[in-house]
Every structure is written in C-alpha cells, then in structure tokens.
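The structure under discussion appears below in the form of structure tokens.
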Amino acid sequence: MHFTLYPTQVRLTLSQKDVQLQSLQKEHLELMRQLTTTQENLQTKEQSINQLEARYLELEAQLAELQTESSSKDDSIQYLQNEKIVLEVALQAARADKSQLDEGAQRLGEDVLVASDVLDQLRQEVQVKANQVETLQQENRFPEETSSETEGAVPTTKGDGGSLPSGRHFQRPVDQ
Numbered sequence: 211m212h213f214t215l216y217p218t219q220v221r222l223t224l225s226q227k228d229v230q231l232q233s234l235q236k237e238h239l240e241l242m243r244q245l246t247t248t249q250e251n252l253q254t255k256e257q258s259i260n261q262l263e264a265r266y267l268e269l270e271a272q273l274a275e276l277q278t279e280s281s282s283k284d285d286s287i288q289y290l291q292n293e294k295i296v297l298e299v300a301l302q303a304a305r306a307d308k309s310q311l312d313e314g315a316q317r318l319g320e321d322v323l324v325a326s327d328v329l330d331q332l333r334q335e336v337q338v339k340a341n342q343v344e345t346l347q348q349e350n351r352f353p354e355e356t357s358s359e360t361e362g363a364v365p366t367t368k369g370d371g372g373s374l375p376s377g378r379h380f381q382r383p384v385d386q
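Positions in the sequence shown are counted from 1; adding 210 to them yields the numbering used here.
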C-alpha cells in the first residue's frame with residue numbers, strides 16, 4: 211500500500227514535531243535546573259552533616275574526658291550526654307535527608323538522559339521531515355524533470371500517519 215505525501219501534510223507534521231521539540235527542550239531545561247538545585251541542596255546537606263559529625267566527635271571526646279574526672283562533674287556529663295543524644299538524632303535525620311536527596315538526584319539524572327534521548331530522536335525526525343519538504347519543493351519546481359525520472363513512481367512514506375493511501379485525492383480545506 212503506497213501513500214502520497216503532500217507538502218502541506220509534511221509541513222503540518224514538521225510544525226507539530228517542532229512544537230514537540232520545543233516543549234521537550236523546555237522540559238529538559240527544567241529538569242536540568244531541578245538537578246542543579248538538588249545537587250546544591252545535597253552539597254549543603256553534606257556540609258551540615260560534616261559539621262554535625264565534627265561537633266559529635268568533639269562532644270564525644272569531651273564526654274570521655276569528663277567521665278575520667280571526679281564525680282563533681284556529673285552535671286556536665288549529663289548535659290553532654292543529653293546533647294550527644296540530640297546530635298545523634300539530628301545526624302540520623304540529616305543522613306536520611308541526604309539519602310533522599312541522593313535518590314532524587316539520581317532520578318533527575320535519569321530523567322535528563324531520557325529527555326536527551328527523546329530530543330535527539332525528535333531532532334532526527336524533524337530533519338527527515340525537512341528533507342522530505344525540500345525534496346517535494348524541488349519536485350514541484352521542476353515537475354517535468356522529476357516526472358520523467360520517476361515515471362510511475364509515487365512518493366511514499368512509511369508509518370508517519372500523515373499520508374493518504376495511493377489512489378485517493380487530497381482535498382484542501384476551503385478557506386472561509
């Protein structure tokens with residue numbers, strides 16, 4: 211089954227692909243922005259964790275030192291133990307947040323790769339359609355040469371969904 215490809219149909223398909231390409235490019239840019247923001251948040255969270263870990267180690271060292279001193283320091287020991295517990299909870303929460311940010315960053319990275327693949331595919335489709343339009347325009351400019359060269363041949367495309375079966379006539383809509 212052959213389909214006749216008309217320049218108007220190709221231009222319409224090309225225009226639709228161009229709109230899709232622009233939309234995907236915007237989505238790609240938004241994903242890149244989200245990825246950058248997530249990475250910045252991740253760095254901030256890592257710095258916070260490093261500070262908490264340093265403070266935790268400092269308190270742990272102080273606690274060990276105080277535990278070896280006399281019992282008159284029991285109040286200080288109790289305070290530091292309580293602060294150590296608070297810092298442990300904060301550190302666990304920060305690590306959980308970092309883990310979630312890591313997963314989010316990985317998902318965004320994967321989404322960016324998928325968007326890049328779709329953009330590449332659309333660019334290729336747009337180029338194919340542009341080449342088809344150019345070929346049809348050349349055929350329309352020089353109909354005597356192309357008809358003698360392709361006598362009996364009907365230009366066809368496969369699977370673009372925008373072609374009409376061979377033998378049917380395309381009717382242009384009447385402008386109102």
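Where is the CB? At the ideal position from N, CA and C, for every residue including glycine.
- Item | Limits of the alpha helix (DSSP H) - the one that L289 falls within | Within the sequence shown, numbered from 1, the residue matching residue 289 stands at position 79. The displayed chain sequence assigns Tyr, not Leu, to residue 289. Unbroken alpha helix (DSSP H) run through Y289: D284 to R351.
- Would you report the Cα separation of L273 and Q291, rounded to the nearest angstrom? On the sequence shown, position 63 is the one that residue 273 refers to. On the sequence shown, position 81 is the one that residue 291 refers to. Spanning the two alpha carbons is a distance of roughly 7 Å.
- Message: Check for me: the alpha helix (DSSP H) holding E270 runs from which residue to which?
- Response: Within the sequence shown, the letter at position 60 stands for residue 270. Here the alpha helix (DSSP H) through E270 covers P217 to T278.
- Item | Local Cβ density within 10 Å of L323, reported as buried at 16 or more and exposed below that | Within the sequence shown, numbered from 1, the residue matching residue 323 stands at position 113. Exposed is the call here.
- Message: Please report the distance separating the alpha-carbon of D228 from that of E268.
- Response: Against the sequence shown, residue 228 aligns to sequence position 18. Against the sequence shown, residue 268 aligns to sequence position 58. Rounded to whole angstroms, the separation of the alpha carbons of E268 and D228 is 60 Å.
- Where Q219 falls, given that 16 or more other Cβ within 10 Å makes a residue buried: Here residue 219 refers to the residue found at position 9 when the sequence shown is read from its first residue. Answer is buried; the Cβ neighbour count reaches 16.
- Message: Can you give me the C-alpha to C-alpha distance between R333 and A340, rounded to a whole angstrom?
- Response: Reading the sequence shown from its first residue, position 123 is the one you call residue 333. Reading the sequence shown from its first residue, position 130 is the one you call residue 340. Roughly 10 Å separates the two Cα atoms.
- Message: What does the Cβ neighbour count give for L346, buried or exposed, with the cut at 16 atoms within 10 Å?
- Response: Within the sequence shown, residue 346 is the residue found at index 136, counting from 1. The residue in question, L346, is buried, as its Cβ has 16 or more Cβ neighbours within 10 Å.
- Query: Can you tell which of L239, E298 and L224 has its C-alpha closest to the C-alpha of N325?
  - Reply: Mapped onto the sequence shown, residue 325 falls at position 115. The amino acid occupying residue 325 in the given sequence is Ala; Asn does not appear at that position. Distances from the alpha-carbon of A325 to those of L239, E298 and L224 put L239 closest.
- Message: Judging by CA-CA distance, which residue of Q253, S309, K294 and M242 is the nearest neighbour of E320?
- Response: Taking the sequence shown and counting its residues from 1, one reaches residue 320 at position 110. Nearest of Q253, S309, K294 and M242 to E320, Cα basis: M242.
- Message: Restricting to Cα atoms, I'd like to know which of E349, R221, V328 and T247 is closest to E237.
- Response: Here residue 237 corresponds to residue number 27 of the sequence shown, with the count starting at 1. Out of E349, R221, V328 and T247, the CA that lies nearest to the CA of E237 is found in V328.
- Task: Would you kindly work out how many angstroms separate the C-alpha atoms of D284 and T278, rounded to a whole number?
- Result: What you label residue 284 is simply residue 74 of the sequence shown in a count that begins at 1. What you label residue 278 is simply residue 68 of the sequence shown in a count that begins at 1. Their Cα atoms are separated by approximately 11 Å.
- Item | Neighbourhood of K308 by C-beta distance below 8 Å, restricted to the same chain and skipping five residues each side | If you number the sequence shown from 1, residue 308 lands on position 98. L252, K255, E256 and I259.
- Query: Just the Cα atoms here: how many angstroms apart are Q226 and A315?
  - Reply: Sequence index remark: in the sequence shown, residue 226 carries index 16 (1-based). Sequence index remark: in the sequence shown, residue 315 carries index 105 (1-based). Distance between the alpha carbons of Q226 and A315 is about 32 Å.
- Residue closest to Y191, alpha-carbon to alpha-carbon, out of Q302, E270 and R305: No information on residue 191 is available, as it lies outside the stretch 211 to 386 that the chain covers here.
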